[in-house]
Amino acid sequence: MKKAIILFTIASMLSFGVQAQKFAFVDSESVLNQIPAYNEALAEIDKLASQWQAEISKEYDAIDKLYKNFQAESVLLSESMRAKREEEIVNREKQVKQLQKQKFGVDGELFKKREELISPIQQQIYDTIEAMAKQKAYDFIFDSSSNSNILFASEEFNKSEEVLKAILK
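Residues in the sequence shown are numbered from 282 upward in steps of one, following the numbering used here.
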């Protein structure tokens, strides 16, 4: 009898310590796509990328023209002139590749512009989610956007609209 009472007491104490965890999910990509500032930032980034790509393509076309002229005239050129023209073409190619890296590289201008324009919006979403989690005492909020490991989630736990409304107000 004593063992049963002790087991019952331990079990009841453990059950008081166990609480149901509150969780929700947000589709951050969907929220981002509905924020006008995000779409404006993407349009600006796309415009810059197109301008820079056109500039780089123009340079590559000029190099291609130089190369074709060199091929056509190479028979008539002296050895030193041929070497000089080849060096000129190689140097132009290096310059264009450097320009391409400067604009589109890992730490290039496009990356920096994207960071400058989009990071504040993403931070605003994160701050809004964090505030909502604290206010409503959520233990977990998952992101159900691309590459998510959430296989199924009931829409009642989707708080994307709440986040969006909080950001747009």
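No residue lacks a Cβ here, since even glycine has one placed at the ideal position from N, Cα and C.
- Of the candidates W333, M413, I402 and D345, the residue whose Cα lies closest to the Cα of E443 is M413.
- Counting other Cβ atoms within 10 Å of its Cβ, Y319 reaches 16 or more and is therefore classed as buried.
- In terms of CA proximity to I370, L347 leads the group S427, L347 and N314.
- Under the three-state reduction of DSSP output, N320 falls in the helix class.
- The beta strand (DSSP E) runs of length 3 or more contained entirely in the region 334-365 do not exist; there are none.
- Relative to F438, the option among I448, D420 and K450 whose CA is nearest is D420.
- Out of A343, D345 and K328, the CA that lies nearest to the CA of L391 is found in K328.
- With a cutoff of 8 Å on beta-carbon distance, S427 and V307 are scored as not near each other.
- Within the same chain, Cβ atoms closer than 8 Å to the Cβ of L313 are found at Y319, I402, Q403 and I406, the five residues on either side in sequence being excluded.
- Residue pairing by DSSP puts I422 in a beta bridge opposite A305.
- With respect to the C-alpha of E340, the residue from V377, Q352 and E368 having the closest C-alpha is V377.
- Rounded to whole angstroms, G386 and A353 show a C-alpha spacing of 34 Å.
- In the three-state scheme derived from DSSP, where H, G and I count as helix and E and B as strand, N439 is classed as strand.
- Of the candidates A330, P317, E368 and K303, the residue whose Cα lies closest to the Cα of K446 is P317.
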